[in-house]
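*Asks:* Quick one: the structure is below, and I'll ask about it shortly.
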Amino acid sequence: MSIFSKLFNGNEKPNFNALFENENFKNFISKAEDISLGYGEINIFKLENIEKEQIGYSVSENGKSLTGNKNGDWKKNWVVIATDNMDDPIFVDIENQNLPVFIAEHGNGEWEENYIAISIEKFSSILNDLRILSINRQNPVEIEKNPISETELELFLTKTKNDNNWMDIEYWKIFLEND
């Protein structure tokens, strides 16, 4: 049975325990830490807050579903795990066992999702690489004094692209722009 099937099991409201039982998810969420690099931030939700953080995405404040099946709708199988410094949601697609990671922007009444990691494990690896890049660069003042070199940027982007089956790395380029 897929995570998606276990999570919903015929119900409109998800049973988050099914997601929390997924070893890859548990491993990620128990170890993940927020990232701050220059002007960029990724804020990872704590396990106990995951359900509450779905408000405004998959459910309204009064528990009504906000999901749909049309292009631009928030999908039932998307679970928000973090936000970036623009408050854009970072989420996993629970229909896929590998839990691919996406980010979405809400523009003109529609959600536009972008693939940022092929699995939650690869997302964890990206965050670890960003953590290394963030040493002495955690805020705008520090990064101005110690900017990311072209070589460091190319190494990060190439590794990210190679590790994620040549996916588009535009989000990560933009995330690392610090001007």
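Count along the sequence shown from 1, add 482, and you get the number used in this note's numbering. Quick reminder that beta carbons are idealized off the backbone N, C-alpha and C, glycines included. All values reported here derive from a predicted model rather than from experimental measurement.
Does the segment 608-621 come close enough to the segment 517-528 that 3 or more CB-CB pairs lie under 8 Å?
*Replies:* At 8 Å Cβ cutoff, the stretches touch.
*Asks:* Report yes if the CB atom of I524 is closer than 7 Å to the CB atom of D566, and no otherwise.
*Replies:* Position 42 of the sequence shown, counted from the first residue, corresponds to residue 524. Position 84 of the sequence shown, counted from the first residue, corresponds to residue 566. In contact: I524 and D566 (Cβ atoms closer than 7 Å).
*Asks:* Comparing alpha-carbon positions, which option in F502, F498, L501, A514 lies nearest N610?
*Replies:* The sequence position of residue 610 within the sequence shown is 128, counting from 1. Among F502, F498, L501, A514, the Cα nearest to that of N610 is on A514.
*Asks:* For F510, name the three-state secondary structure that DSSP assigns.
*Replies:* Indexing the sequence shown from 1 puts residue 510 at position 28. F510: helix per DSSP, three-state reduction.
*Asks:* In or out: S601 buried (at least 16 other Cβ within 10 Å) or exposed?
*Replies:* The residue you call residue 601 lines up with position 119 of the sequence shown. Per the 10 Å Cβ criterion, buried.
*Asks:* Can you look up E533 in the DSSP assignment and give me helix, strand or coil?
*Replies:* Position 51 of the sequence shown, counting from 1, holds the residue named residue 533. Residue state, collapsed to three classes: coil.
*Asks:* Would you mind working out which of E592, E603, K643, I511 sits nearest N553, comparing C-alpha positions?
*Replies:* Taking the sequence shown and counting its residues from 1, one reaches residue 553 at position 71. The candidate whose alpha carbon is nearest that of N553 is E592.
*Asks:* Who does N525 pair with in a DSSP beta bridge?
*Replies:* The count along the sequence shown starts at 1 and reaches residue 525 at position 43. DSSP, once it has assigned bridges, lists T565 as partnering N525.
*Asks:* Grouping DSSP H, G and I as helix and E and B as strand, with all else coil, what is Y539?
*Replies:* The residue you call residue 539 lines up with position 57 of the sequence shown. It is coil, neither helix nor strand.
*Asks:* Quick one: which unbroken beta strand (DSSP E) runs of 3-plus residues sit fully inside the segment 592-620? Chain order, please.
*Replies:* Segments of the beta strand (DSSP E) lying fully in the segment 592-620: 592-599.
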